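Notes for the one structure printed next.
2 protein chains.
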Amino acid sequence: MANEWATFGSDLHLELRGPRLRAGLMDALREAVRSGRLEAGTRLPSSRALAADLGMARNTVADAYAELVAEGWLTARQGSGTRVARRAEPRRAEPRRAAPSRAEPRRAEPRPAGARPSRTSAPVPAPALALPRPAAPAHNLKPGTPDLASFPRAEWLKAYRRALTAAPNEAFGYGDPRGRIELRTVLAEYLARARGVHVRPERIVVCAGFMHGLMLIGQVLLNRGVRDVAVESYGLGLHAGLLTGAGLGTPVLPFDERGTRVEELAGPGLAGVHPGAVLMTAAHQFPLGGALPPDRRAAVVDWARASGGFVLEDDYDGEFRYDRQPVGALQGLDPERVVYLGTASKSLAPGLRLAWMVLPESLAAEVAAVKGAVDWTSSAPDQLAFAEFLASGAYDRHVRAMRLRYRRRRDQLVAAVAAHSPGTRVSGIAAGLHAVLTLPPGTEQDVLRSAAWHGLAVQGVNQFRRPTVPATLDGLVVGYATPPDSAWQGALRALCQVLP
Amino acid sequence: MANEWATFGSDLHLELRGPRLRAGLMDALREAVRSGRLEAGTRLPSSRALAADLGMARNTVADAYAELVAEGWLTARQGSGTRVARRAEPRRAEPRRAAPSRAEPRRAEPRPAGARPSRTSAPVPAPALALPRPAAPAHNLKPGTPDLASFPRAEWLKAYRRALTAAPNEAFGYGDPRGRIELRTVLAEYLARARGVHVRPERIVVCAGFMHGLMLIGQVLLNRGVRDVAVESYGLGLHAGLLTGAGLGTPVLPFDERGTRVEELAGPGLAGVHPGAVLMTAAHQFPLGGALPPDRRAAVVDWARASGGFVLEDDYDGEFRYDRQPVGALQGLDPERVVYLGTASKSLAPGLRLAWMVLPESLAAEVAAVKGAVDWTSSAPDQLAFAEFLASGAYDRHVRAMRLRYRRRRDQLVAAVAAHSPGTRVSGIAAGLHAVLTLPPGTEQDVLRSAAWHGLAVQGVNQFRRPTVPATLDGLVVGYATPPDSAWQGALRALCQVLP
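Structure, rendered in structure tokens:
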């Protein structure tokens, strides 16, 4: 995901640097206003003209303008076009924006007909003459990224050196689209031991991230005539977006206090849609944090068996369980009906682009064929280095060290919230790299605004709610793994300041 | 691409290890017959039963059986099923098959209605009682892969170590989908200097191989409403296949002795189809080896300007020109109408999965958006290592050293062919890692069979001919870069043995 969205030239020449164009354009415009490069009162080009300049769809620009008007950055009046809003606060130069997390930036989601208005989309009065001064985030508690400062450079380099030295010449050639056999062999051993995955190396396909794996399996399901993949009520919009972008429907499973109501896969909850697969974060729901209870684990596998469907298990942070034994992978219940997707992005680093799928026998050849049809794999030296890293025990040592560190942070988070905001419930804390802080009804948006004011990047649970799901929860999703150790205490203090 | 297709168990349990299932199944069956694991006379399972066992389409299995019958490996008789053919030669254990090249294995291509029969698809009489004994290739002159034994491990490791040590923490996080700015910056400098590419870092998108780049640009063109991308008469079927797989038509430009007839883009040669782009190997036609002459370079850019189309320039081996200055990239003629695609797969190693696109301003944001939508990039440490490798001059040194080595091999090839087969013309030798040996009309298939018999893996020009193009050339495509130094002389001798 992009982290440097735009730079301004003298002629309003934006250099978009990221995928989510509208969000990027909004960031760029906010930044230009914030830094004073766009002065109050300046008239912006028409959305049509700017879209043409940028090679973007006009709607994208128009939507960005509209949202920035809603946020108070811009004003729009009939006949006078779109202008930069006047502000009471003096400008100041802003430091460079912090890196983003895996979790997506907020998207304005279309409100479905009949759904009650989302609390998160209540418009801010605009134009704001005394706009709150937004600060560039000094603190980052957005979920989805491990502590990057803890990447074990020396150990990784050692593994890389060994792997590169020992690699056969053919490793530098075009490879098996499933990935290097050396890596698949040690991964199979590791996944069986650490995650209870039932696996042989032949069933593993190495991919360049969870999204890559999801794209591959989505393509295979489409080829098989599957039309819909059910998703959970809360999750990453990017994942559902990838599926819909590929042409699959994404009916949403309802959610209750025990988690995702998987029984609705065969029930009336999907309004007659019969999905061919369901995407789940069974071991640790993202973002709400619970583990799917045993009866529902059994039920979702039973559904897959009875219907011929598949469970796509997103086991993104299965290594990080603090208070008891890890919840084993759902895949162990039925390896022929569950596609297991794991990643090194949380346990090690997203920048390595290493992830893996464990496939049912019936899908393995098709997934390899789809992957091979575009002939890319992860870099072979990286795969061999990761194999060496796993085989040498360096991975286990790193995960253990990080588990201790994250657990300490989690305990500090719980203690700090209890001390500063006794009414705030902290949940989803048994595992993973994030927690959910439940807020009083209707206050999420205010707290997020306050966080932005205090220079704290954090996300609300409603930013992960599927568009068709009614808003019933208010809360923050706090990624306590994200900051480096040096920034953790400051981030925690900032968080406590914004809690009610 | 996969190089280990199958292993046999006692119950005919194939473990397919590659994407092109039919070819892989054929390899597996040939190998099983060759090694004696499937004895002469053995009855094979029905195509339906084997397909079910393998999770493959029945047609795939039936086609593989039919081709193997045509090749004489199997027999098929009404009422007695498909059996292993009897052979006069004694069995012998075969060494492990050599690694494949970038160039695809031969595909049986459907013959278009009205096209005259291809000389390459003349059926072999079957069942063959005295089947020529096929040898596992001992020598590999298939095009598309550099000498993997020459990968500069020590220099690469040095660059990797430096890069990993100097990397900012954020490099281990989710990154800009366009790739690391450090790499794009040095690539821009290098491409301008070495390939005459007109480029700024903002216009570069790093991708995981040429096919990945082609997939991205194909998606963007589709999103823009483009329906057809013209291709050359000869090329990699994988590339055209990727485009057709994405839903694009691939009308074929005719070819004459001066190369691809680009003037037909605006002429009657495409039968009324108006492609939105054309995929070209302008600097070094693959596989025939010529450079597009200057007037046609100008013409294809003029077409793009006039029609609003794009030229997709596959500059796969632009660094390797032997007898004069490199032919500069077509992109330099009009950076707004040419998408430049380059790769480290020939200059360094395919296993690194590093390639790059240089995009027109109008496409840059869209390509980044499509790439970002599945959020994968090449590994950040690899990108930083490659940036260091380029910036330190190690890349230039490596390319210079390999250029000398490949040139020496090319000269040896030309001399050996002149000595052993004076009637064979060697062409396409000014550049690149392969040459074309023109054969007497109608003899390509015989020579390929003889090569297989002599344990020489090599490909014929007709294996790269688009299905709708009439067969008018017979020749071998000899990848002289492929073998390691230790195997080069033996491969050359084997080649001379099979030439007429």
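These protein sequence lines are chains X and D, in that order. When we follow the numbering used here, the leftmost residue of the first sequence carries the number 1, and every step to the right adds one. When we follow the numbering used here, the leftmost residue of the second sequence carries the number 1001, and every step to the right adds one. All C-beta atoms, glycine included, are put in the ideal place defined by N, C-alpha and C. Since the model is a prediction, treat every value here as computed from it, not as a measurement.
| request: Provide the residue span of the beta strand (DSSP E) that contains A76 (chain X), from first to last. | output: Here the question's residue 76 (chain X) lines up with position 76 in the first sequence. That run of the beta strand (DSSP E) goes 74-77.
| Among residues of its own chain, excluding the 5 on either side of W1303 (chain D), which ones have a beta-carbon nearer than 6 angstroms to its beta-carbon? | Within the second sequence, residue 1303 (chain D) is the residue found at index 303, counting from 1. Cβ neighbours of W1303 (chain D) beyond the five flanking positions: L1265, A1266.
| query | Is Q459 (chain X) closer than 7 angstroms to A142 (chain X) when the C-beta atoms are compared? | reply | As a working note, residue 142 (chain X) is residue 142 in the first sequence. As a working note, residue 459 (chain X) is residue 459 in the first sequence. The amino acid occupying residue 142 (chain X) in the given sequence is Lys; Ala does not appear at that position. Contact: yes.
| task | To the nearest angstrom, report how far apart P441 (chain X) and P470 (chain X) are at their CA atoms. | result | As a working mapping, residue 441 (chain X) is identified with position 441 in the first sequence. As a working mapping, residue 470 (chain X) is identified with position 470 in the first sequence. When rounded, the distance between both Cα atoms is 13 angstroms.
| field | Beta carbon proximity, A1457 (chain D) to chain X, threshold 7 angstroms | value | Here residue 1457 (chain D) is taken as the residue at index 457 of the second sequence, counted from 1. Chain X, which has no Cβ nearer than 7 angstroms to the Cβ of A1457 (chain D), makes this no.
| message | Rounded to the nearest angstrom, what separates T1438 (chain D) and S1427 (chain D) at their Cα positions? | response | One-based indexing of the second sequence puts residue 1438 (chain D) at position 438. One-based indexing of the second sequence puts residue 1427 (chain D) at position 427. Those two C-alpha atoms are separated by around 8 angstroms.
| request: Quick one: using the 10 Å Cβ neighbour count with 16 as the cut-off for buried, is T1472 (chain D) buried or exposed? | output: For the purposes of this step, residue 1472 (chain D) is identified with residue 472 of the second sequence, where counting begins at 1. It is exposed - the Cβ of T1472 (chain D) has fewer than 16 other Cβ atoms within 10 Å.
| If the cut is a Cβ gap below 8 angstroms, which residues of chain X does H1398 (chain D) touch? | Start at 1 with the first residue of the second sequence, and residue 1398 (chain D) comes out as number 398. What H1398 (chain D) touches in chain X: nothing, since even the nearest Cβ is about 13 angstroms away.
| query | Beta-carbon of M211 (chain X) versus every beta-carbon of chain D: anything under 7 angstroms? | reply | Walking along the first sequence from the start, residue 211 (chain X) turns up at place 211. M211 (chain X) counts as touching chain D.
| task | Pick helix, strand or coil for L16 (chain X), following the three-state DSSP scheme. | result | Locating residue 16 (chain X) in the first sequence gives position 16, counting from the first residue. Bear in mind that a pLDDT of 36 at L16 (chain X), under 50, signals an unreliable position, so the number given afterwards is only what the model happens to contain. The answer is coil: DSSP assigns L16 (chain X) none of H, G, I, E or B.
| said: The alpha helix (DSSP H) that contains G1241 (chain D), what's its start and end? | reply: For the purposes of this step, residue 1241 (chain D) is taken as residue 241 along the second sequence, with counting starting at 1. Here the alpha helix (DSSP H) through G1241 (chain D) covers 1237-1245.
| field | Stretch-stretch touch, CB-based, cutoff 8 angstroms, three pairs: the segment 1318-1336 of chain D with the segment 1353-1363 of chain D | value | yes
| Do you know offhand how far S379 (chain X)'s Cα is from V1278 (chain D)'s? | Against the first sequence, residue 379 (chain X) aligns to sequence position 379. Against the second sequence, residue 1278 (chain D) aligns to sequence position 278. Looking at the two C-alpha atoms, the distance is approximately 29 angstroms.
| Where does V262 (chain X) fall in DSSP's three states? | The residue given as residue 262 (chain X) occupies position 262 in the first sequence. Looking at V262 (chain X) - three-state DSSP - the assignment turns out to be helix.
| query | Does DSSP classify D1334 (chain D) as helix, strand or coil? | reply | By one-based count along the second sequence, residue 1334 (chain D) stands at place 334. Note: D1334 (chain D) maps to coil in three-state DSSP.
| task | Taking G1213 (chain D) as part of the alpha helix (DSSP H), name the residues at either end of that continuous run. | result | Start at 1 with the first residue of the second sequence, and residue 1213 (chain D) comes out as number 213. That run of the alpha helix (DSSP H) goes 1210-1223.
| query | Using 8 angstroms as the Cβ pair cut-off and three pairs as the minimum, do the segment 401-416 of chain X and the segment 173-180 of chain X touch? | reply | no
| query | To the nearest angstrom, how far is it from the Cα of L243 (chain X) to the Cα of L1038 (chain D)? | reply | For the purposes of this step, residue 243 (chain X) is taken as the residue at position 243 of the first sequence. For the purposes of this step, residue 1038 (chain D) is taken as the residue at position 38 of the second sequence. Straight-line Cα distance between these residues: approximately 44 angstroms.
| Do three or more CB pairs link the segment 246-257 of chain X to the segment 191-203 of chain X at distances below 8 angstroms? | no
| Beta carbon of E1313 (chain D) nearer than 7 angstroms to that of Q1285 (chain D) | For the purposes of this step, residue 1313 (chain D) is taken as the residue at position 313 of the second sequence. For the purposes of this step, residue 1285 (chain D) is taken as the residue at position 285 of the second sequence. For E1313 (chain D) and Q1285 (chain D), no; Cβs fall outside 7 angstroms.
| task | For the segment 1177-1197 of chain D and the segment 152-172 of chain X, state whether three or more C-beta atom pairs, one from each stretch, are separated by less than 8 angstroms. | result | no
| message | I'd like to know if D1382 (chain D) contacts chain X, where contact means its C-beta is closer than 7 angstroms to some C-beta of that chain. | response | Position 382 of the second sequence, counted from the first residue, corresponds to residue 1382 (chain D). By this cut-off, D1382 (chain D) is an interface position.
| task | Can you pull the chain D residues whose beta carbon is under 7 angstroms from the beta carbon of A138 (chain X), in chain order? | result | In the first sequence, counting from the first residue as 1, residue 138 (chain X) sits at position 138. The contacting residues do not exist; A138 (chain X) stays about 15 angstroms from chain D at best.
| Which value, in whole angstroms, describes the spacing of the CA atoms of R34 (chain X) and L74 (chain X)? | As a first step, residue 34 (chain X) must be located in the first sequence, where it is residue number 34. As a first step, residue 74 (chain X) must be located in the first sequence, where it is residue number 74. Taking the straight line from one Cα to the other gives about 12 angstroms.
| query | Is A1271 (chain D) close to chain X, meaning its C-beta is less than 7 angstroms from at least one C-beta of that chain? | reply | The residue you call residue 1271 (chain D) lines up with position 271 of the second sequence. No, its Cβ sits nowhere closer than 7 angstroms to a Cβ of chain X.
| Shortest alpha-carbon distance to L492 (chain X) belongs to which of X:G269, X:R465, X:R410, X:Q445? | Sequence index remark: in the first sequence, residue 492 (chain X) carries index 492 (1-based). Ranking the options by Cα distance to L492 (chain X), first place goes to X:R410.
| In whole angstroms, what is the alpha-carbon distance linking E1155 (chain D) and E1388 (chain D)? | Residue mapping note: residue 1155 (chain D) aligns to position 155 of the second sequence, counting from 1. Residue mapping note: residue 1388 (chain D) aligns to position 388 of the second sequence, counting from 1. Rounded to whole angstroms, E1155 (chain D) to E1388 (chain D) spans 10 angstroms at the Cα level.
| query | Within the chosen definition, does the segment 1444-1454 of chain D reach the segment 1417-1433 of chain D through at least 3 CB pairs nearer than 8 angstroms? | reply | no
| request: From the DSSP output, in three-state form, read off S1233 (chain D) for me. | output: Sequence index remark: in the second sequence, residue 1233 (chain D) carries index 233 (1-based). DSSP places S1233 (chain D) in coil when its eight states are reduced to three.
| task | Determine the contact status of L1384 (chain D) and A1167 (chain D), defining contact as a CB-CB distance below 7 angstroms. | result | The sequence position of residue 1384 (chain D) within the second sequence is 384, counting from 1. The sequence position of residue 1167 (chain D) within the second sequence is 167, counting from 1. Going by C-beta atoms, L1384 (chain D) is nearer than 7 angstroms to A1167 (chain D).
| query | Taking the beta strand (DSSP E) that F1310 (chain D) falls in, what are its first and last residues? | reply | In the second sequence, residue 1310 (chain D) corresponds to position 310, counting from 1. Per DSSP, F1310 (chain D) belongs to the beta strand (DSSP E) from 1310-1315.
| request: Could you confirm whether any beta carbon from chain X is found closer than 7 angstroms to the beta carbon of P1335 (chain D)? | output: As a first step, residue 1335 (chain D) is located in the second sequence; it is residue number 335 there, counting from the start. Cβ-Cβ to chain X under 7 angstroms: no for P1335 (chain D).
| query | Which term fits E1257 (chain D), buried or exposed, when burial requires 16 or more other beta carbons within 10 angstroms of its beta carbon? | reply | On the second sequence, residue 1257 (chain D) is found 257 positions in, with the first residue counted as 1. Exposed.
| request: List the residues of chain D whose Cβ lies closer than 7 angstroms to the Cβ of A171 (chain X), in chain order. | output: Numbered from its first residue, the first sequence carries residue 171 (chain X) at position 171. Neighbours of A171 (chain X) on chain D, chain order: G1351.
| query | What does F286 (chain X) touch in chain D if you count any residue whose Cβ is under 8 angstroms from its own? | reply | Stepping through the first sequence from its first residue, residue 286 (chain X) is reached at position 286. Within chain D, no residue comes near F286 (chain X); the closest Cβ sits about 15 angstroms away, beyond 8 angstroms.
| request: Note the first and the last residue of the continuous beta strand (DSSP E) segment covering T82 (chain X). | output: Your numbering for residue 82 (chain X) matches position 82 in the first sequence. T82 (chain X) -> beta strand (DSSP E) spans 81-84.
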